[in-house]
Amino acid sequence: MTSLSRELVFLILQFLDEEKFKDTVHKLEKESGFFFNMRYFEDCVTNGEWDEVEKYLSGYTKVDDNRYSMKIFFEIRKQKYLEALDRNDHAKAVEILVKDLKVFSAFNEELFKEITLLLTLGNFRENEQLSKYGDTKSARAIMLVELKKLIEANPLFRDKLQFPTLKNSRLRTLINQSLNWQHQLCKNPRPNPDIKTLFVDHTCGTSSGAHAPSPVTNPLMGSIPKVGGFPPLGVHGPFQPPQGSLTTSLAGWMVNPSSVPHQTVSVGPIGLTVSSNADSEHVLNRSRPFGLSDAVNNMPVNILPVMYPGQNHAHTLYSSDDLPKTVVVNLNQGSAVKSMDFHPVRQILLLVGTNIGDITIWEVGGRERLVYRSFKVWDIGKRTMNLQALLANECTASVNRVIWSPDGALFGVAFSKHMVQIYSYHGGDDLQNHLEIEAHVGNVSDLAFSHPNKQLYIVTCGEDKTIKVWEAINGNKVYTFEGHEAPVYSVCPHQKENIQFIFSTAIDGKIKAWLYDNLGSRVDYDAPGQSCTTMAYSADGTRLFSCGTNKEGESYIVEWNESEGAIKREYNGLGKQSVGIVQFDTTKSRFLAAGDEFQIKFWEMDNVKILTTTDAEGGLPASPCIRFNKEGILLAVSTSGNGIKILANADGVRLFRSIESRAGDSSRVSSATFAKGPMISTFAGSGSTHGATIMDADRSAPMTMMAGLNGDSRSFPDAKPNHTDESEKLKGWKLTEISESSQLRSLRLPDSLLPVRIIRLIYTNSGGAILALTFNAVHKLWKWQRNDRNPSGKASSSVPPQLWQPASGILMTNDISEINLEDAVPCFALSKNDSYVMSASGGKISLFNMMTFKTMTTFMPPPPAATFLAFHPQDNNIIFIGMDDSSIQIYNVRVDGVKSTLKGHQKRVTGLAFSKVLNVLVSSGADSQLCVWSMDGWEKQASKFLQIPSGRVSSPLGQTRVQFHQDQIHVLAVHETQIAIYETPKLECLKQWLPRESSGSVTDATYSCDSQSIYASTEDGSVCVLTATTLRLRCRISPAAYLPSNPRYVLLLVISSMGTGNQYIFTFSTFAFLLMLLLDSSRVFPVVIAAHPSEPNQFALGLTDGGVHVMEPPESERNWGAAPPLENGAGPSINSAAGSDQQAR
1 MTSLSRELVF
11 LILQFLDEEK
21 FKDTVHKLEK
31 ESGFFFNMRY
41 FEDCVTNGEW
51 DEVEKYLSGY
61 TKVDDNRYSM
71 KIFFEIRKQK
81 YLEALDRNDH
91 AKAVEILVKD
101 LKVFSAFNEE
111 LFKEITLLLT
121 LGNFRENEQL
131 SKYGDTKSAR
141 AIMLVELKKL
151 IEANPLFRDK
161 LQFPTLKNSR
171 LRTLINQSLN
181 WQHQLCKNPR
191 PNPDIKTLFV
201 DHTCGTSSGA
211 HAPSPVTNPL
221 MGSIPKVGGF
231 PPLGVHGPFQ
241 PPQGSLTTSL
251 AGWMVNPSSV
261 PHQTVSVGPI
271 GLTVSSNADS
281 EHVLNRSRPF
291 GLSDAVNNMP
301 VNILPVMYPG
311 QNHAHTLYSS
321 DDLPKTVVVN
331 LNQGSAVKSM
341 DFHPVRQILL
351 LVGTNIGDIT
361 IWEVGGRERL
371 VYRSFKVWDI
381 GKRTMNLQAL
391 LANECTASVN
401 RVIWSPDGAL
411 FGVAFSKHMV
421 QIYSYHGGDD
431 LQNHLEIEAH
441 VGNVSDLAFS
451 HPNKQLYIVT
461 CGEDKTIKVW
471 EAINGNKVYT
481 FEGHEAPVYS
491 VCPHQKENIQ
501 FIFSTAIDGK
511 IKAWLYDNLG
521 SRVDYDAPGQ
531 SCTTMAYSAD
541 GTRLFSCGTN
551 KEGESYIVEW
561 NESEGAIKRE
571 YNGLGKQSVG
581 IVQFDTTKSR
591 FLAAGDEFQI
601 KFWEMDNVKI
611 LTTTDAEGGL
621 PASPCIRFNK
631 EGILLAVSTS
641 GNGIKILANA
651 DGVRLFRSIE
661 SRAGDSSRVS
671 SATFAKGPMI
681 STFAGSGSTH
691 GATIMDADRS
701 APMTMMAGLN
711 GDSRSFPDAK
721 PNHTDESEKL
731 KGWKLTEISE
741 SSQLRSLRLP
751 DSLLPVRIIR
761 LIYTNSGGAI
771 LALTFNAVHK
781 LWKWQRNDRN
791 PSGKASSSVP
801 PQLWQPASGI
811 LMTNDISEIN
821 LEDAVPCFAL
831 SKNDSYVMSA
841 SGGKISLFNM
851 MTFKTMTTFM
861 PPPPAATFLA
871 FHPQDNNIIF
881 IGMDDSSIQI
891 YNVRVDGVKS
901 TLKGHQKRVT
911 GLAFSKVLNV
921 LVSSGADSQL
931 CVWSMDGWEK
941 QASKFLQIPS
951 GRVSSPLGQT
961 RVQFHQDQIH
971 VLAVHETQIA
981 IYETPKLECL
991 KQWLPRESSG
1001 SVTDATYSCD
1011 SQSIYASTED
1021 GSVCVLTATT
1031 LRLRCRISPA
1041 AYLPSNPRYV
1051 LLLVISSMGT
1061 GNQYIFTFST
1071 FAFLLMLLLD
1081 SSRVFPVVIA
1091 AHPSEPNQFA
1101 LGLTDGGVHV
1111 MEPPESERNW
1121 GAAPPLENGA
1131 GPSINSAAGS
1141 DQQAR
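Number 756 in the numbering used here belongs to position 756 of the sequence shown; there are no gaps in the numbering.
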């Protein structure tokens, strides 16, 4: 088929799709084989339409075409077989086994036998490899991720996964152009011709009318039909771009994603294993070979998972039942809510701004008001005289917008009077003033965060008809965009590939688009109905929507075709007499919601008809404010009684039940300046059709006074004033000292292997296992099982884990040939999906499969030796290697070679940490130096040596480690003499903490998973818990609390674990080692410390005696002591410091 014929097929496919001939579209796709519709394929898999799945695939590949195709068909048929077993439909399972799976027995008869044996089990999950199989929905989702990777890697699908970029209704356009030309050839062209048929060429009858103008001066495809031309043939969209040329078409600057390049994926063996999550279900995770040699299975090229452009499956995994419609919490805000935003990471934190300038952070799970601020200008003397005069007459201002930064470290507030305020938030009640900007003259209508050029910016707009861009770090103004003829109402920054831009809307209904330059607007077109509009993208960033209301009260919610600047679809159901401007939000890249006519209306993005509605059990205003949390399981909606209702779907309800359970089982220790309100009450039934109300907070319930961090305090309704003097608080506070085992929960992990000093320790990213690297280069992996005692399957001090080994009994052991272990600096790094560990102990770097413990490959033999390993934050195939020769090598697994080498340290590199916010790498070394490297060109931006305290001696090769705070700006530096906090990229030392001299050196330290605490271990065996924002000690754990008092216990523990049948032989060298342990048991202390990835109060210690301890506070406390009260009622200054335990430095 010629290329033109191929292009004609694509035009026909577009036409059929626009006309909703869905079945015909997919049949033509399959029969032509030109385009594989991944979305249709995903829908079929998600819905379990297995016959259609295989029929559609058959148009592109067969089972035996190649190893990718074989694995695709095997995974589909295996899933179909398991679902039949799960339904107890054994007849169907046998049919699938014989008809579909039998073909694979020729390649691996043993695997086929094992699959057959599943018929004999009461529940196939009894098979160890299938023990993590969840429900049908999640299993299909996990399989879908792997299928997409295989399809994208399969050469037969190359150039078939991307539909060409076409303008809307391209076939109609070509037909219109042809008709125009035919009309010009008519001898007597009529001014108003009428199309009768497309089957023959057009001709006009005899007419005395004027000749039609040429197609150049009279474009028939314009938005308004002209006399003498044909109207467009049914071009879709009720609103077309305004007449007249645009400065630049949207298609010229917001390009569509480029076609996905072919990427190599190593196809692992076909097997029975089922992974617990989608990421870990990688093609290399299979434990059984299936017709492929070990050489193929273990090939080192591109062996780690790769994220593919545009890869997103979320839209196929949800139904309308996933919409949050059950009321779970009622909150009494006290004034009318104007704007809300959920925290992007801690998704039960809700930021609220009101009509009188109040700002509140709620922890909706516990109905706690964590932070409260009323409107106040921080430095009135620096403000313009105009603003000072305005505030002298009226000292309040309404909040127009509150919004979190992408990482949740900052949030911004736009006020109705000139001002924008930016706060930094560190959890709990720790809120600090960051920036105050007099942004606009008059009302500041909207505010947003953006990341052009890898820098965090603030975008504002206002009554002065301008849009402004500010640096988020220092508040410097970068751009001012002028061009609107009316006050600007909203902004919507976005990025498509490498093009960054801002949409803006004005109250006159005009929409403009701007690049980050000073060349003016690139787009100028009208919102539907000339409405005052807000714009938002879907969660995956691929679809653009707007919602607004015009002066007549008519509201519109639409999807835009960005490349055309035209309406793609208009959704039905919004009122024609709306009160105020209707607000909307999107979730899961699948649903839209809008607050209108005293209720919340929901749409599926691909259907213009209303999907469902809810009135949230009544009490909503005419146009309520609404906001989804990031996962879409919660929805906040404002009420007419100055309150907020939190709605949840099934997942959200389960979340609140778990919070309720925790609240019922334990009580919190107050660590703030206010008493916490009651936790979630018992579930109560409701007669509402919208579901049960989980919690209805009594509006008359007393609330304590919140102290604003700017010194301002305000009593809420029925508040009980807190008259406690700050000095009394300081006197009353006491450091929590834990010296007995009854004061904490501690678990020494069971170990049947030789106990050897733990050198490195890490939790898996899932939180269900701990991996340790010992001095003798052996890895140990402990896994917690999901059971009745531990339903989450996460690491816990209450349930002992299993020291896990594969059936083969092999150990993950690093290469140590010709290596002096005393000189080695062991290091490892875990892939994001927990499938692989990269490790070295002075020799070659080894890549291990975490499922099979097999060595996938080794590379980079010394010298120089690797001393620190880290994966690139966006690409597991790029590895950063700190070297013994003081360099940092950037190694590309795909090409098995070093991509770049960074030089800046004077001694070995011992730490690496990435900031995706600042786009930098921070390195640390044995030279006690920190370096900042730009990830754009790998230039060194800054360097600084640690401030070694006088009187403290640093060893020549002492390790320095670094770790970023959750805000991705502040970095923790850990050295044997100190713990310090630096601000990147300038590396300004903000805080420093020194251990007591009697405690010895710092052996390790780490942030808790929420960055609110720092866990530090010292040579005397103590563990110190510090408040991260102030570096003030709040809890000290003595070694007596977790180590046995009888040193002989260690020896007995080891000997008892080495009984008959153990692989170790009790040799003289073993006995000598045990004797050394016994004699030196008084020197047992933590070498490394690791924080749980999702439990902020859990950490693990790796000890010199080879033991690993998991530690948690007692169930009655939940926290490691109470934080020291803040002096003068103010938040901690960013420049404050704490010294030796509590001494200021």
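All C-beta atoms in this analysis are idealised placements derived from N, C-alpha and C, irrespective of residue type, glycine included. On a predicted model such as this, the values are computed, not experimentally measured, just so you know.
Going by DSSP, F449 is part of the beta strand (DSSP E) stretching over V444 to S450.
Here the alpha carbons of N355 and V402 stand approximately 12 Å from one another.
Within the stretch 351-380, complete beta strand (DSSP E) segments of at least 3 residues are found at 359-363 and 368-373, given in chain order. Residue state for Y40 is assigned as helix, using DSSP reduced to three classes. With respect to D100, K113 sits apart: the two C-beta atoms are not nearer than 9 Å. Taking all protein chains in view, the Cβ of C395 is surrounded by fewer than 16 other Cβ atoms within 10 Å, so the residue is classified as exposed. Membership of E54 in the alpha helix (DSSP H) is indicated by the continuous run W50 to L57. For K940, the enclosing beta strand (DSSP E) begins and ends at K940 to F945. Each residue's CA atom was taken as its position, placing F503 and L544 some 11 Å apart.
For Q963, the enclosing beta strand (DSSP E) starts and ends at R961 to F964. Residue burial annotation: G381 is exposed, with fewer than 16 other C-beta atoms found within 10 angstroms of its C-beta. Shown here, H494 sits in a strand according to DSSP, grouped into three states. The C-alpha of N1097 lies about 23 Å from the C-alpha of I969. Distance from the CA atom of I115 to the CA atom of H494, rounded to whole angstroms, is 49 Å. For the 9 Å CB-CB criterion, D201 and Q182 form a contact.
When secondary structure is reduced to three states using DSSP, E976 falls in the coil class, being assigned neither helix nor strand. By DSSP's assignment, I1014 forms a beta bridge with Y1007 and L1026. Note on geometry: alpha-carbon atoms of K338 and N386 lie some 25 Å from one another. In this structure, G520 sits near F481, with a CB-CB distance shorter than 9 Å.
Assignment of beta-bridge partners to N332 by DSSP yields G643.
In summary, L13 is buried, with 16 or more beta-carbon neighbours lying within 10 Å of its beta-carbon over all protein chains present. In this structure, DSSP gives Q182 a helical state, which the three-state scheme calls helix.
If you draw a straight line from the Cα of L179 to the Cα of C204, it comes to about 11 Å. In the structure shown, E471 falls within a strand segment according to DSSP collapsed to helix, strand and coil. C44 and E52 do touch by the CB rule: their CB atoms are close to 5 Å apart, below 8 Å.
DSSP lists L351 as the beta-bridge partner residues of D341. The beta carbons of F41 and L16 sit no closer together than 9 Å. Taken atom to atom, the span from the alpha-carbon of P487 to that of T587 is near 29 Å.
The DSSP-derived three-state label of T165 is coil. Relative to Q530, the option among A536, N453, E554 and N154 whose CA is nearest is E554. A distance below 6 Å between beta-carbons, with the five flanking residues on each side excluded, links G632 to the following residues of its chain, in chain order: T587 and K588.
Secondary structure of Q14 (DSSP, three-state): helix.
In the displayed model, F74 falls within a helix according to three-state DSSP. Straight-line spacing of the CA atoms in L97 and H90 works out to 10 Å. One alpha carbon belongs to I762, the other to L830, and they sit about 8 Å apart. Residues S998, S999, G1000, P1039 and F1085 of the same chain have their beta carbon placed closer than 8 Å to that of D1020, with the five preceding and five following residues left out of the count.
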